[in-house]
Structure formats: structure tokens, C-alpha cells
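Quick note: to get this note's numbering, add 22 to the position in the sequence shown (first position is 1). Positions of the beta carbon are idealized from the N, C-alpha and C atoms, including for glycine. These numbers were taken from a predicted model, which means no experiment stands behind them.
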Amino acid sequence: MSAAAGKSDLEKKICAWLAESRQDMLSLLEEVVNIDSGSYDKAGVDAVGDRFVRHFEQRGLLTRVEPHETFGNAIHIRLDDTPTNEKPIVLMGHRDTVFPKGEAGRRRFKIEGGRAYGPGVADMKAGLVMNAFVLEAFKRHGGAPGPLAGLITSDEEIGSPSCRPVIERVAREARAVFNSEPGRPTGNVVSGRKGGVFMRFEVLGKAAHSGGNFEKGISAIGELAHKIVALHALTDLPRGITVNVGLVSGGQSVNTTAPSAEGRIDLRYVKPADRQYALSAIQKIIDGATVPGTSAKLEILGEFLPLTQSSESGALLDTYAAASQDLGMSVKGEFTGGCADSGFTAGVGCPTLCAVGPVGGNAHTPEEYLEVDSIVPRAQALALAILRLPPPG
Numbered sequence: 023m024s025a026a027a028g029k030s031d032l033e034k035k036i037c038a039w040l041a042e043s044r045q046d047m048l049s050l051l052e053e054v055v056n057i058d059s060g061s062y063d064k065a066g067v068d069a070v071g072d073r074f075v076r077h078f079e080q081r082g083l084l085t086r087v088e089p090h091e092t093f094g095n096a097i098h099i100r101l102d103d104t105p106t107n108e109k110p111i112v113l114m115g116h117r118d119t120v121f122p123k124g125e126a127g128r129r130r131f132k133i134e135g136g137r138a139y140g141p142g143v144a145d146m147k148a149g150l151v152m153n154a155f156v157l158e159a160f161k162r163h164g165g166a167p168g169p170l171a172g173l174i175t176s177d178e179e180i181g182s183p184s185c186r187p188v189i190e191r192v193a194r195e196a197r198a199v200f201n202s203e204p205g206r207p208t209g210n211v212v213s214g215r216k217g218g219v220f221m222r223f224e225v226l227g228k229a230a231h232s233g234g235n236f237e238k239g240i241s242a243i244g245e246l247a248h249k250i251v252a253l254h255a256l257t258d259l260p261r262g263i264t265v266n267v268g269l270v271s272g273g274q275s276v277n278t279t280a281p282s283a284e285g286r287i288d289l290r291y292v293k294p295a296d297r298q299y300a301l302s303a304i305q306k307i308i309d310g311a312t313v314p315g316t317s318a319k320l321e322i323l324g325e326f327l328p329l330t331q332s333s334e335s336g337a338l339l340d341t342y343a344a345a346s347q348d349l350g351m352s353v354k355g356e357f358t359g360g361c362a363d364s365g366f367t368a369g370v371g372c373p374t375l376c377a378v379g380p381v382g383g384n385a386h387t388p389e390e391y392l393e394v395d396s397i398v399p400r401a402q403a404l405a406l407a408i409l410r411l412p413p414p415g
């Protein structure tokens with residue numbers, strides 16, 4: 023189907039401008055990918071944010087920075103300062119990555135064989151670039167069916183400890199949220215995600231010389247091992263519950279019974295009711311002891327809510343899928359075990375569609391890639407979906 027088929031004159035104008043902006047999108051993407059922005063690197067995360075702020079200000083869009091002392095600042099974007107009582111349509115995304123400082127220098131942005139590479143290129147700096155140009159398209163050409171806003175967050179990869187309150191506040195006042203996480207390798211978007219809880223547990227024992235006074239020692243590592251086996255046994259794949267101890271540490275020396283040890287737990291679940299079920303089971307394991315004399319405690323480090331599809335979110339998906347069809351793309355909704363900030367927006371009742379960003383894959387690895395030719399069509403699909411949103415209510 024022709025890219026112009028089935029569109030109004032305004033839709034054609036916006037789609038044409040986005041197509042003309044392809045190289046500008048890639049140039050901005052190269053700049054932000056080449057800046058380290060690991061979640062705990064506030065200076066790097068804010069440097070990426072500053073680059074986007076400059077981009078918006080140069081194009082006449084309005085920005086407001088919401089500061090945070092520990093993590094990167096949140097950035098709010100508006101097309102103008104026209105007063106309105108209408109709820110905004112929000113384009114959302116995060117700029118932090120999972121990669122350590124120095125990774126951007128080691129793996130500079132590059133394009134090979136139609137794919138772009140670099141830390142965070144798909145997850146999700148390409149989505150932020152796409153959002154920026156969609157916002158600019160409506161600033162230039164008008165026609166948005168209500169106020170448009172952008173939100174750029176800073177700590178999604180670690181559970182959004184600083185930005186979750188910001189996200190939920192924005193979503194409570196929003197008409198709809200499009201979260202521009204990377205589109206699936208299939209080209210689909212995400213209509214459902216698991217919830218996740220990230221925890222740390224510590225086991226305490228007693229040190230003793232493992233040769234001369236072995237019987238006086240109490241091994242925290244021994245107890246840790248028992249707990250790991252019990253925790254992993256909570257996994258129930260048909261129910262969608264997984265429990266994984268992904269990190270362990272402990273001990274003092276090879277010839278000492280371990281006085282302490284710790285593990286990090288990743289819990290994933292589908293149904294909101296399963297969160298409390300799984301947490302209660304995990305707490306019971308932590309509170310019990312197989313090795314006499316040990317004790318343990320559990321701490322929640324962060325969590326994501328599941329993304330569940332409401333009837334309003336389903337209508338949002340239908341609108342986006344129809345817009346994509348007019349561009350010659352067949353797009354469906356997929357379920358994924360990965361978590362995202364979209365769970366927070368859906369959790370407060372805001373119609374939400376996730377993974378509308380450009381298509382990519384292998385996130386969180388050195389092989390992460392972006393399909394370069396997807397950036398314009400995905401921007402066009404988002405713009406058309408915005409234009410075709412059903413009236414509020």
C-alpha cells in the first residue's frame with residue numbers, strides 16, 4: 023500500500039516531514055548514543071537530557087526540568103504554553119542504560135548492514151529521538167487532537183526509584199500514554215508485560231577456622247544455598263511466576279566458615295494478585311533456617327507493576343494497528359516478560375500502549391541493534407495514531 027493511501031492532507035504533510043527528517047533523527051541518535059548514561063551515572067544521564075533540552079528549545083518547544091539529587095532529572099516537554107483543561111496525550115521514554123561508564127567510548131554508534139549499533143541505541147534512545155521528532159511535527163504543522171506532552175525519565179533500568187512518582191502523577195492527568203520502548207523484532211508492539219520485584223536477602227552465620235574449629239562455625243553460604251534451591255522451586259511457568267537468584271556473594275576466606283552471604287532475587291509475575299502470593303512465599307523461605315543458628319532478612323530494592331490491557335488500552339492498540347496498516351505494516355500486540363514504566367501508567371488507569379518505538383533487539387547486550395529503516399515508519403505510525411485517537415470519553 024502506498025504511504026500516502028488513506029490519509030488526510032494533514033496526515034500526508036506530517037508523514038512527509040518525518041520522512042524528510044530521517045537524517046536529522048539519525049544524527050541526534052548518534053549524539054545521544056555516544057554519551058554514557060548508566061542509571062547510576064547522574065552526570066551522564068543528565069548530559070543526555072541536556073542534549074534533548076537543547077534540541078527542543080532550538081525548535082520552539084517548551085521544556086521543564088524536574089531535578090533529583092541522586093538520579094537523573096525528569097524532563098517535561100510541551101508544544102506551547104496555551105492554557106487548557108484538556109488531558110494531554112503523553113509520549114514517554116527513558117534515557118538511562120544498563121551499561122557501565124566508558125561503554126559509549128568503547129562501542130561508538132555505527133551503522134552496518136541497515137542496523138545501528140551502540141549502547142542504548144534501541145533501548146531506548148531511538149524511541150526518545152522518535153518522540154522528539156513526532157512532537158516537533160505537531161509543533162510545525164498543528165492538528166493534534168488535544169494537548170501533546172513528552173516525558174523523558176532517567177532510571178527505568180533500575181525500577182524508576184526517582185521517576186515512578188513523576189510517571190504516575192503525569193499518567194493520572196493524561197488522556198493516553200505511548201511508551202516508546204523498542205518495537206519487537208517481529209515489528210509488533212507490547213500490549214502486556216509482567217510485573218517484577220527486585221530484592222536483596224542477607225544471611226548471617228558465624229565465622230570459625232574451617233580446619234582448627236570447624237564445629238564452632240555456622241555457614242551463611244550453606245544456608246544461602248538451601249534458600250536458593252527453595253526460592254527457585256517457587257517458579258511456576260504455567261502461572262507466569264518466575265523466581266531467579268541472579269547474583270550471590272559471601273564469605274571471608276576459603277579457610278573460614280562464612281559469617282555472611284547475600285543474594286539478589288528477581289521475581290516476575292503476570293496477575294497483580296500473584297505479587298503478594300509470591301512475596302509471602304519468598305518471605306517464608308527467608309525467615310526459615312535449614313542451617314541451625316543462621317538468620318536472614320529480606321529487602322525490596324525496586325519493582326515494576328504489570329502492564330495489563332484495559333478496554334481503553336485495547337482501543338489504543340486498535341487505533342495504532344490501523345494507522346500502521348495504512349503505512350503497509352501489520353502490527354499486533356505481544357505479551358513479554360520484560361518490565362517497563364508502562365506498568366506504572368497502566369496501574370493508575372491511564373490507557374497505555376508500549377513498545378511503539380523503532381524496531382530493535384538484543385537489548386542489554388553488546389549485540390543490541392536498531393533497524394534503521396524502521397525509525398521513520400514508526401514515527402509516522404505514532405503520528406497517525408495520535409491524529410486518529412477517538413474523542414475523550
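Whether residue i touches residue j by CB criterion (8 Å)
| i | j | result |
| --- | --- | --- |
| residue 155 | residue 52 | no |
| residue 147 | residue 117 | yes |
| residue 61 | residue 177 | yes |
| residue 162 | residue 39 | yes |
| residue 225 | residue 301 | no |
| residue 367 | residue 189 | yes |
| residue 250 | residue 285 | yes |
| residue 210 | residue 359 | no |
| residue 97 | residue 198 | no |
| residue 158 | residue 44 | no |
| residue 141 | residue 121 | yes |
| residue 406 | residue 33 | yes |
| residue 94 | residue 149 | no |
| residue 410 | residue 345 | yes |
| residue 326 | residue 372 | no |
| residue 278 | residue 229 | yes |
| residue 166 | residue 109 | no |
| residue 129 | residue 139 | yes |
| residue 404 | residue 200 | yes |
| residue 265 | residue 289 | yes |
| residue 58 | residue 126 | yes |
| residue 183 | residue 369 | no |
| residue 143 | residue 389 | no |
Burial state of residue i, where buried means 16 or more other Cβ atoms lie within 10 Å
| i | result |
| --- | --- |
| residue 36 | buried |
| residue 384 | exposed |
| residue 74 | buried |
| residue 394 | buried |
| residue 175 | buried |
| residue 101 | buried |
| residue 216 | buried |
| residue 363 | buried |
| residue 352 | exposed |
| residue 271 | exposed |
| residue 309 | exposed |
| residue 401 | buried |
| residue 92 | exposed |
| residue 107 | exposed |
| residue 276 | exposed |
| residue 26 | Per-residue confidence for residue 26 stands at a pLDDT of 46, beneath the threshold of 50, marking its modelled position as unreliable; no derived number is given. |
| residue 41 | exposed |
| residue 50 | buried |
| residue 419 | There is simply no residue 419 to check, as the chain begins at 23 and stops at 415 in what is shown. |
| residue 259 | exposed |
| residue 30 | exposed |
| residue 255 | exposed |
| residue 113 | buried |
| residue 283 | buried |
| residue 357 | exposed |
| residue 24 | Note that residue 24 has pLDDT 41, beneath the 50 cutoff, so the model's placement of it is unreliable and the number below is only indicative. It is exposed - the Cβ of residue 24 has fewer than 16 other Cβ atoms within 10 Å. |
| residue 64 | buried |
| residue 348 | buried |
| residue 164 | exposed |
| residue 83 | buried |
| residue 281 | buried |
Contact belief for residue i with residue j at Cβ below 8 Å, rounded distance in angstroms
| i | j | result |
| --- | --- | --- |
| residue 375 | residue 382 | About 17 Å; that fails the 8 Å criterion. |
| residue 99 | residue 119 | Actually they do not touch by this definition, with Cβ atoms about 21 Å apart. |
| residue 54 | residue 67 | Wrong, their Cβ atoms sit about 11 Å apart, outside the cutoff. |
| residue 273 | residue 245 | Their Cβ separation, rounded to whole angstroms, is 12 Å, which puts residue 273 and residue 245 out of contact at 8 Å. |
| residue 152 | residue 412 | Wrong, their Cβ atoms sit about 23 Å apart, outside the cutoff. |
| residue 253 | residue 287 | 6 Å |
| residue 328 | residue 292 | 6 Å |
| residue 341 | residue 214 | Contact doesn't hold; Cβ gap of about 17 Å is too wide. |
The region 278 to 297 in contact with the region 196 to 212 per 3-pair CB rule at 8 Å
Not touching, per the Cβ criterion.
Only counting runs of 4 or more residues, tell me where the alpha helix (DSSP H) segments fall wholly within the region 142 to 225, in order along the chain.
148 to 163 and 186 to 194
Are the region 237 to 254 and the region 308 to 318 touching, with three or more C-beta to C-beta distances below 8 Å?
yes
Which complete alpha helix (DSSP H) runs does the region 44 to 130 hold, if anything under 4 residues is left out?
Within the region 44 to 130, the runs of alpha helix (DSSP H) at least 4 residues long that lie entirely inside it are, in chain order, 44 to 55, 64 to 80 and 125 to 128.
Which runs of the beta strand (DSSP E) spanning at least 3 residues fall entirely within the region 291 to 369, listed in chain order?
317 to 326 and 355 to 358
Beta strand (DSSP E) segments (min. 3 residues) lying fully within the region 238 to 280
DSSP runs (the beta strand (DSSP E)) wholly in the region 238 to 280: 264 to 272.
Between the region 166 to 175 and the region 229 to 238, do three or more beta carbon pairs fall short of 8 Å?
The region 166 to 175 vs the region 229 to 238: no contact.
Given 8 Å as the limit, is there contact between the region 131 to 141 and the region 65 to 83, that is, 3 or more CB pairs closer than that?
No, the region 131 to 141 is not in contact with the region 65 to 83.
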